[in-house]
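Note that numbering that gives the first Met the number 0 gives residue 387 to position 388 of the sequence shown, counting from 1, and the numbers run on in steps of one. What follows is one structure encoded as structure tokens, with my remarks underneath.
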Amino acid sequence: MDRGPSLNRRQLLVRIAGTVGLAGTAGVAAWAGGVFDGTRLVGPTSDAVARMEAARRRAGGGTVTATLNPRPVTLDLDGQQVQTWGYAESGPGSLIRARAGDLLRVEVLNSLPATTSVHWHGVALRNDMDGVPGVTQDPIAAGGRHTYEFTAPDPGTYFYHPHSGVQLDRALYGVLVVEDPRESGRYDAEWIVVLDDWVDGTGRTPDDVLASLQAMGGHGDMGGMSGMNHGDMGSMPMPGMSGMAMGGMETMTSPLLGGAGDVTYPHYLINGRVPGAPVTLSGRPRQRVRIRLVNAASDTAFRVALDGHRLTVTHTDGFPVTPTTTDALVLGMGERADVTVELGDGVFPLVAAAEGKGGQGMALVRTGVGGVPNATVRPAELDRRVLITAALKASDDVALDNRRPDRLHRLVLGGSMMPYRWTINGATFDKLDPLLIKQGERVRLEFVNETTMFHPMHLHGHTFAVVGGGARKDTVIVTPKQTVSVDFDADNPGQWMTHCHNIYHAETGMMINLAYQA
Ligand code: C2O
Ligand code: CU
Numbered sequence: 000m001d002r003g004p005s006l007n008r009r010q011l012l013v014r015i016a017g018t019v020g021l022a023g024t025a026g027v028a029a030w031a032g033g034v035f036d037g038t039r040l041v042g043p044t045s046d047a048v049a050r051m052e053a054a055r056r057r058a059g060g061g062t063v064t065a066t067l068n069p070r071p072v073t074l075d076l077d078g079q080q081v082q083t084w085g086y087a088e089s090g091p092g093s094l095i096r097a098r099a100g101d102l103l104r105v106e107v108l109n110s111l112p113a114t115t116s117v118h119w120h121g122v123a124l125r126n127d128m129d130g131v132p133g134v135t136q137d138p139i140a141a142g143g144r145h146t147y148e149f150t151a152p153d154p155g156t157y158f159y160h161p162h163s164g165v166q167l168d169r170a171l172y173g174v175l176v177v178e179d180p181r182e183s184g185r186y187d188a189e190w191i192v193v194l195d196d197w198v199d200g201t202g203r204t205p206d207d208v209l210a211s212l213q214a215m216g217g218h219g220d221m222g223g224m225s226g227m228n229h230g231d232m233g234s235m236p237m238p239g240m241s242g243m244a245m246g247g248m249e250t251m252t253s254p255l256l257g258g259a260g261d262v263t264y265p266h267y268l269i270n271g272r273v274p275g276a277p278v279t280l281s282g283r284p285r286q287r288v289r290i291r292l293v294n295a296a297s298d299t300a301f302r303v304a305l306d307g308h309r310l311t312v313t314h315t316d317g318f319p320v321t322p323t324t325t326d327a328l329v330l331g332m333g334e335r336a337d338v339t340v341e342l343g344d345g346v347f348p349l350v351a352a353a354e355g356k357g358g359q360g361m362a363l364v365r366t367g368v369g370g371v372p373n374a375t376v377r378p379a380e381l382d383r384r385v386l387i388t389a390a391l392k393a394s395d396d397v398a399l400d401n402r403r404p405d406r407l408h409r410l411v412l413g414g415s416m417m418p419y420r421w422t423i424n425g426a427t428f429d430k431l432d433p434l435l436i437k438q439g440e441r442v443r444l445e446f447v448n449e450t451t452m453f454h455p456m457h458l459h460g461h462t463f464a465v466v467g468g469g470a471r472k473d474t475v476i477v478t479p480k481q482t483v484s485v486d487f488d489a490d491n492p493g494q495w496m497t498h499c500h501n502i503y504h505a506e507t508g509m510m511i512n513l514a515y516q517a
């Protein structure tokens with residue numbers, strides 16, 4: 000039984016506008032469990048969702064329990080104490096580890112002075128556990144609690160974060176590793192490496208950053224810039240904004256990605272640490288190490304390299320690819336990659352350079368004696384072969400079979416800096432009708448980027464195949480003026496967000512609902 004009243008379209012839009020997007024997180028889903036334009040939708044609490052969940056459990060699968068306590072914390076950035084919100088006292092929330100087919104039961108105790116939620120990024124889980132306030136659940140009240148309980152069907156590297164406002168740009172993220180019960184360990188050790196761009200507690204909160212981005216559009220002091228599209232000014236210095244939320248007098252462009260970001264960050268972190276006080280990853284020479292890389296940043300793509308080493312990419316967004324060796328790897332926000340390295344002897348900087356921005360995160364790989372490299376060291380590998388994950392090929396066992404799409408949705412990505420808004424098909428989330436799909440269909444999404452900025456486009460609840468190489472992913476970088484098409488099978492009923500994983504873009508409109516119709 001689908002829940003919720005049938006609403007007419009006008010009521011729907013009114014309710015949507017007041018619930019999700021643009022910082023609003025109160026109330027229940029508008030279309031979730033409801034009707035859109037006379038079409039009945041599959042709601043998060045429908046029978047179809049419960050049936051799918053039953054099919055996901057692995058016989059003999061275990062139960063993994065965890066508690067998350069989002070709360071105000073103090074982060075020590077090499078002596079600078081910053082107040083923020085996190086799941087742990089320092090750095091990322093605790094690692095959650097399960098095996099494919101296990102049941103996860105995660106209790107969330109919200110000690111933040113704000114509502115929150117937890118989204119399980121990349122996991123093809125039951126729709127009512129997807130963690131999108133206003134769509135799949137009510138927000139978790141300040142002081143409130145909520146239990147997430149779902150089966151994780153596919154092995155891989157995932158992460159969790161709030162789907163509430165710009166909370167992701169604080170320390171509210173953690174990694175979820177789902178192990179493959181059938182996998183034979185072809186590596187000796189495993190490291191988790193989480194990348195982040197950092198501003199909170201340094202004089203501005205992420206909410207301040209968002210407010211200043213939006214205020215720019217409201218002020219008439221930008222002389223002649225008003226209404227200009229990002230397409231015309233992707234790399235232009237922003238007069239009057241020096242050192243503020245915008246690029247200031249810097250030009251933030253990347254030869255690979257175009258406009259490199261909207262926010263200037265004072266710090267870039269690896270596992271919660273700045274380069275001046277880096278985390279040390281210890282191993283022994285000649286060990287084969289699997290590094291699970293997660294880009295948990297809000298506005299920054301990273302170019303990752305390990306000095307003196309080559310990286311062999313084996314997985315992206317959890318799914319295996321034809322192993323591909325490279326010197327450096329670019330990861331957009333929300334993307335993950337598993338790479339294997341064979342360790343040399345000594346001390347080596349693992350560097351995540353903020354693509355197109357200047358500044359970097361750094362960790363140390365130590366297998367022997369050697370001095371600590373300077374925090375600004377730049378491994379030569381960063382400027383050799385550079386790989387973008389969309390270029391990877393799916394490994395045979397996870398490749399989507401050849402099938403013509405039953406349905407095509409075109410998502411034209413647009414936006415402007417003044418006013419600061421990001422759009423899909425010319426509209427912001429609060430004004431966008433859901434994109435309808437049906438269970439059993441092969442669906443193609445065509446991301447058409449008309450801006451001069453890259454957008455890491457993320458789909459909830461499914462892992463698509465990038466048309467071309469076929470790499471299975473849930474987040475794919477769409478570079479300026481390019482089109483990236485992705486295919487997926489509609490096999491997970493419910494209401495699913497599709498959005499840019501630049502959190503400032505998503506929050507100001509670049510998000511749409513992909514809705515299963517009943
Ligand atoms: Cu990691 Cu809807 O996002
Ligand atoms: Cu974007």
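We treat Cβ as the ideally placed atom computed from N, Cα and C, and that holds for glycine.
Check                                                                                                   : Outcome
Whole-angstrom distance between F428 and G508, CA atom to CA atom                                       : 5 angstroms
Unbroken alpha helix (DSSP H) run spanning Y159, endpoints                                              : No alpha helix (DSSP H) contains Y159, which is instead part of the beta strand (DSSP E) from 155-160.
Check: M496 C-beta below 8 angstroms from any heavy atom of the ligand C2O                              : yes
Contained beta strand (DSSP E) runs [length at least 3] in the region 53-93, N- to C-terminal order     : 62-67, 70-76, 79-85
Cβ neighbour criterion (16 or more within 10 Å) applied to V338                                         : buried
Integer-rounded CB distance, given that Q516 should sit under 8 angstroms from T64                      : That pair is no contact at about 35 angstroms.
Contact set, the ligand CU heavy atom to C-beta under 6 angstroms                                       : W421, H454, C499, N501, H504, M509
Inter-residue spacing [alpha-carbon to alpha-carbon] between E506 and T150                              : 28 angstroms
H461: CB within 8 angstroms of a non-hydrogen atom of the ligand C2O                                    : no
Distance cut-off 8 angstroms: L167 Cβ against heavy atoms of the ligand C2O                             : yes
First through last residue of the alpha helix (DSSP H) which encompasses A99                            : First-last for A99: undefined, no H or E at that position.
Reference T66, options V105, V397, K392, A54, closest by Cα                                             : V105
I95 versus I191, L458, T497, residue with shortest Cα-Cα distance                                       : I191
Three-pair Cβ contact test at 8 angstroms for the region 160-175 versus the region 72-86                : yes
Enclosing alpha helix (DSSP H) for H498 [first to last residue]                                         : Note, H498: premise wrong, no alpha helix (DSSP H); beta strand (DSSP E) at 494-499.
Element boundaries [alpha helix (DSSP H), containing A505]                                              : 502-506
Limits of the unbroken beta strand (DSSP E) element including V340                                      : 335-341
Pairwise C-alpha distance: L40 and G493                                                                 : 8 angstroms
At least 3 beta-carbon pairs within less than 8 angstroms: the region 375-382 vs the region 447-460     : no
Integer-rounded CB distance, given that D473 should sit under 8 angstroms from L399                     : Wrong, their Cβ atoms sit about 14 angstroms apart, outside the cutoff.
Proximal residues to A426 (C-beta, below 8 angstroms), its chain only, five neighbours per side dropped : G508
Closest by C-alpha distance to G360, when choosing among P205, V122, H498, L305                         : L305
Straight-line Cα distance separating H308 from V273                                                     : 22 angstroms
Whole-angstrom distance between Y419 and G164, CA atom to CA atom                                       : 16 angstroms
Selected residue, minimal CA-CA separation from T354, among M332, L407, A379, T299                      : In the sequence as displayed, the identity of residue 354 is Glu instead of Thr. Nearest C-alpha to E354: T299.
Cβ-heavy atom distance, V485 to the ligand C2O, below 8 angstroms                                       : no
Length of the line joining the Cα atoms of G317 and E178                                                : 10 angstroms
For A436, the first and last residue of its enclosing beta strand (DSSP E)                              : Residue identity check: residue 436 is Ile in the sequence provided, not Ala. Counting along the chain, the beta strand (DSSP E) containing I436 begins and ends at 434-436.
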